[in-house]
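Asks: Residues 7 to 168 (our numbering) make up the sequence shown, in order. In this text, a Cβ means the ideal position worked out from N, Cα and C, and glycines have one as well. Questions regarding the structure given below will be posed in turn.
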Amino acid sequence: MVYLSAAVVGGLLVTASVVAELWLTPALPTPTRSAPPTANQLLSCNRDVSRLLDQLGDAAGGLIAVPASTQPAQPVATRWAQFTRQWRRDWAQVGARCRFGEGGSGMGVGHDRMARVHDNIQAVQLRYDELVRRFDNEQVDDLIGMRRALAKSRKSLERRVR
7 MVYLSAAVVG GLLVTASVVA ELWLTPALPT PTRSAPPTAN QLLSCNRDVS
57 RLLDQLGDAA GGLIAVPAST QPAQPVATRW AQFTRQWRRD WAQVGARCRF
107 GEGGSGMGVG HDRMARVHDN IQAVQLRYDE LVRRFDNEQV DDLIGMRRAL
157 AKSRKSLERR VR
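What follows is the structure in structure tokens.
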């Protein structure tokens, strides 16, 4: 009997909560859409998307280039993670400012193309993540070993020249 009473009281509380939420809570105002971006704003968005794509390629290429040192300060994957944290923030800001989340927004073919490229860049970034991780795990130690061997070889040859 006690359990039945507790279940009934609990059910009434849940029902009252749902009723209050559905009918007694004031409706939220619908967001107003701002004016469509101007041609200059769309050109700025295009430059920003292009910059994001260039930064991604330049950073990945620079990290995967043969390590310049036999004692790198940080693993390649760590440096890549630091770069991508800021890059993802920039990517999200460009997407919000350029309103790429508003698919079929009627802002024109140019805007829709940029939105697709913007989305695809994120997929490229994820593929670069995997590439850099694999490079860091499989190649960096060998390349550093080669640098060390060349440094020892140079010292040995320099001694012979003196």
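Return yes when the Cβ of Tyr134 is within less than 9 Å of the Cβ of Ala41, no when it is not.
Replies: Locating residue 41 in the sequence shown gives position 35, counting from the first residue. Locating residue 134 in the sequence shown gives position 128, counting from the first residue. Not closer than 9 Å, so no.
Asks: Less than 6 Å between C-beta atoms, sequence neighbours within five positions excluded: which residues of the same chain meet that for Ala123?
Replies: One-based indexing of the sequence shown puts residue 123 at position 117. In the sequence as presented, Ala is not what sits at residue 123; that position holds Val. Result list for Val123: Val55, in chain order.
Asks: Counting pairs of beta carbons, one from the segment 79 to 88 and one from the segment 137 to 144, are three or more of them closer than 8 Å?
Replies: Contact holds: three or more Cβ-Cβ distances are below 8 Å.
Asks: Give the straight-line distance between the Cα atoms of Cys51 and Leu132, rounded to the nearest whole angstrom.
Replies: If you number the sequence shown from 1, residue 51 lands on position 45. If you number the sequence shown from 1, residue 132 lands on position 126. Their Cα atoms are separated by approximately 22 Å.
Asks: Smallest Cα separation from Pro81: which of Thr90, Val138, Arg165 and Ser159?
Replies: Counted from its first residue, the sequence shown places residue 81 at position 75. The candidate whose alpha carbon is nearest that of Pro81 is Val138.
Asks: Would you identify the three-state DSSP class for Arg95, choosing helix, strand or coil?
Replies: Position 89 of the sequence shown, counted from the start, is the residue given in the question as residue 95. It is helical.
Asks: Less than 9 Å separating the beta-carbons of Trp93 and Leu49?
Replies: Numbered from 1 along the sequence shown, position 87 holds the residue referred to as residue 93. Numbered from 1 along the sequence shown, position 43 holds the residue referred to as residue 49. Their beta carbons are not under 9 Å apart, which means Trp93 does not touch Leu49 by this criterion.
Asks: Beta-carbon within less than 6 Å of Phe106's beta-carbon, same chain only, minus the 5 sequence neighbours each way: which residues are those?
Replies: Mapped onto the sequence shown, residue 106 falls at position 100. Excluding residues within five positions, the ones whose Cβ falls inside 6 Å are Ala121 and His124.
Asks: Assuming Leu69 contacts Val130 (C-beta within less than 8 Å), just tell me the rounded distance between them.
Replies: One-based indexing of the sequence shown puts residue 69 at position 63. One-based indexing of the sequence shown puts residue 130 at position 124. Their Cβ separation, rounded to whole angstroms, is 15 Å, which puts Leu69 and Val130 out of contact at 8 Å.
Asks: How would you call Pro35, buried or exposed, if buried means at least 16 neighbouring beta carbons within 10 angstroms?
Replies: For this step, residue 35 is matched to residue 29 along the sequence shown. Reliability of the predicted coordinates at Pro35 is poor, the pLDDT of 46 falling under 50, and the value obtained from them is presented with this limitation in mind. Result: exposed.
Asks: Can Gln128 and Trp97 be called in contact, C-beta distance under 9 Å?
Replies: Within the sequence shown, the letter at position 122 stands for residue 128. Within the sequence shown, the letter at position 91 stands for residue 97. Cβ atoms of Gln128 and Trp97: closer than 9 Å.
Asks: With DSSP collapsed to three states, give me the class of Gln61.
Replies: Here residue 61 refers to the residue found at position 55 of the sequence shown. Of the three classes helix, strand and coil, the one that applies to Gln61 here is helix, per DSSP.
Asks: Secondary structure at Gly112, three-state DSSP: helix, strand or coil?
Replies: Your numbering for residue 112 matches position 106 in the sequence shown. Note: Gly112 maps to coil in three-state DSSP.
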